[in-house]
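What follows is a set of notes on a single structure, which appears directly below.
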Amino acid sequence: MRQGQTNATQHIPAPSTRPRWYRAFIVCILPIGRSLRNPFFPERVGGIAHLVYNEAMRALVKTSAQPGLTATDRPDPKPGPADAIIRVTATSLCGTDAHIYNWDPWAHSRVHPPRIIGHEMCGVIVEVGSDVTLVKVGDYVAAESHLTCGHCFQCRTGQAHVCKNYRILGVDHDGSFAEYVALPESVLWKTSPAIPRELACLQEPLGNAVDAALVENLTGQTVLITGCGPTGLFAAAVARTAGAAMIIATDVSAYRLDLAKQVGVDHVLNATTETADRIAAAIREITAGEGVDASLEMSGNPTALHHAFSSVKNGGRVTLFGIPTGPIMFDLANEVIFKGIRVYGITGRRLFKTWYRLTGLFQAGLNIKPIITHTFPLKDFTRGFELINSGQCGKVVLFP
Ligand code: ZN
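Residue numbers (my numbering): 1209 to 1608.
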């Protein structure tokens, strides 16, 4: 933990500005050990093995190939020439983190421990590498979690969101469930200090919803959202702010459908208490037999996916964001071709078009506060994962 950095508004000196006496002081005092928390050293400090530039931080680490996470000390990250070190002030739990926590087959095939996980974050820059020019110490930033290569075909043709070589923060690169994280300056997004940390850390997942909802304009349109997990709820809030005429949402959770109403959804349909046929009929009735202009499929559930296609009007559009667990049977002729619809696959955010658009949506009054249902200190992460596994939550935010 670096000294003198305890909140976002405090002045944060760069390590290079530390006077010579500081190093001598640290060398003399630190060996006393981290167990001594004297009043002159309110922050946790490194022990005998962690002199001066080997200070330690608290982090949540996937230490081995099995379920769970370990809260442990790790060395503070060091910046490369183009990197910044960010003191993480808020970081939220994502479904990806739950996959890694639960250690499901996807995580087993994709993640190589040891790894600090977490990728939705905001924080304050406390140190920069020698070549950094875009940000400076003290800047309040969020992070694009896709670390793109910058030189593949996609990166060079304005499609970096599908970079062939991208690495993911918290999966391929040590992540944000920690006091500090090192990131290339190219993925940092300067954020208005007016946006509180529990909202600022959500810009990354919100960006998914912005791209899903606004891949085509939906002002004045009727919109169906199948799946009210956090990204589906974000998409509902985005659609509302962007001027959708009417929003219908489906989910299997009464808890989440209630959150959907709180962010402006007009009609909610519970797929647990209603049959698939009755939900399709209800959508037809609500839209006076026309169907919706746009379906946003946010669940990956096969029944919901067919609702998304059967409910969209001829010539409309379907956005696919939810990820099915396996192949799905599909009547392409009747569900897509003869309807003349447009289908979009959405992955990640447009770099950085989505981030600019999200900033504008905040200015336009985007309200996502009801979706942030729980906040915990970082050390209480297990409660957060239990909530996610139960489905009885919106977004869970941790404060390192
Ligand atoms: Zn690339």
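We treat Cβ as the ideally placed atom computed from N, Cα and C, and that holds for glycine.
Predicted model, so just to flag it, every value in this text is computed and none were measured.
How would you call residue i, buried or exposed, if buried means at least 16 neighbouring beta carbons within 10 angstroms?
i       : result
Phe1589 : buried
Phe1182 : Since the first residue of the chain shown is 1209 and the last is 1608, residue 1182 is not available in this structure.
Glu1493 : exposed
Gly1530 : buried
Ser1598 : exposed
Tyr1564 : exposed
Gln1429 : buried
Asp1284 : buried
Thr1204 : The first residue shown for the chain is 1209 and the last is 1608, placing residue 1204 beyond what the model contains.
Asp1339 : exposed
Phe1538 : exposed
His1327 : buried
Ala1202 : The chain is shown from 1209 up to 1608; residue 1202 falls before or after that span and cannot be answered.
Glu1263 : buried
Ala1541 : exposed
Arg1375 : exposed
Ser1353 : buried
Confirm the yes/no value for this check: CB of residue i, any heavy atom of the ligand ZN, distance under 6 Å.
i       : result
Cys1357 : yes
Cys1360 : yes
Cys1371 : yes
Cys1363 : yes
Short check: CB of residue i to CB of residue j, under 7 Å?
i       : j       : result
Tyr1463 : Gln1362 : no
Leu1396 : Val1349 : yes
Ala1457 : Val1476 : yes
Ile1433 : Gly1378 : no
Arg1614 : Arg1557 : Summary: the structure shown does not reach residue 1614, with the chain confined to residues 1209 through 1608, and so no result is reported for it.
Val1293 : Val1319 : One detail in the question is off: residue 1293 reads as Ile in this sequence, not Val. Taking 7 Å as the Cβ cut-off, Ile1293 and Val1319 do not qualify as a contacting pair.
Gly1346 : Pro1287 : no
Thr1511 : Ala1484 : yes
Leu1504 : Thr1533 : no
Glu1393 : Ala1290 : yes
Ile1491 : Asp1474 : no
Val1296 : Pro1608 : yes
Val1520 : Gly1499 : yes
Apart from the five residues just before and just after residue i, which ones in its own chain have a Cβ nearer than 8 Å to its Cβ?
i       : result
Thr1225 : Here the model assigns Thr1225 a pLDDT of 43, short of 50, so the residue's position is not dependable, and the following value carries that caveat. Closer than 8 Å at the Cβ level, and outside the excluded window around Thr1225, lies no residue.
Thr1399 : Cys1330, Tyr1348, Val1349, Ala1350, Ala1408 and Gln1411
Cys1360 : Cys1371, Lys1372 and Asn1373
Pro1275 : Tyr1309, Asn1310 and Trp1311
Gly1508 : Gly1435, Gly1530, Ile1531, Pro1532 and Thr1533
Output needed for residue i: all residues of its chain with C-beta closer than 7 Å, excluding positions within five of it in sequence on either side, in chain order.
i       : result
Ala1368 : Thr1356, Gln1362 and Leu1559
His1307 : Trp1314 and Ala1315
Lys1603 : Ser1300, Leu1410, Pro1438, Ile1579, Ile1580 and Thr1581
Asp1595 : The sequence shown places Leu at residue 1595, rather than the Asp named in the question. The residues are His1582, Cys1601 and Val1604.
Gln1470 : Pro1578
Residues in its own chain within less than 6 Å of residue i by CB, not counting five upstream and five downstream?
i       : result
Ala1267 : Arg1282, Ile1324 and Ala1386
Ala1417 : Thr1439, Phe1442, Ala1443 and Val1446
Ile1237 : With a pLDDT of 43 at Ile1237, under the threshold of 50, the predicted position of this residue should be treated as unreliable, though the coordinate-derived value follows. The answer is none, since no qualifying residue turns up.
Val1269 : Thr1278, Thr1280, Pro1322 and Ile1324
Tyr1552 : Val1423 and Thr1527
Asp1649 : The structure shown does not extend to residue 1649, since the chain is modelled only from 1209 through 1608, so no value can be given for it.
Can residue i be considered in contact with the ligand ADP, in the sense that its beta carbon sits closer than 6 Å to one or more heavy atoms?
i       : result
Gly1602 : As far as ligands go, the structure on display features the ligand ZN and does not contain the ligand ADP.
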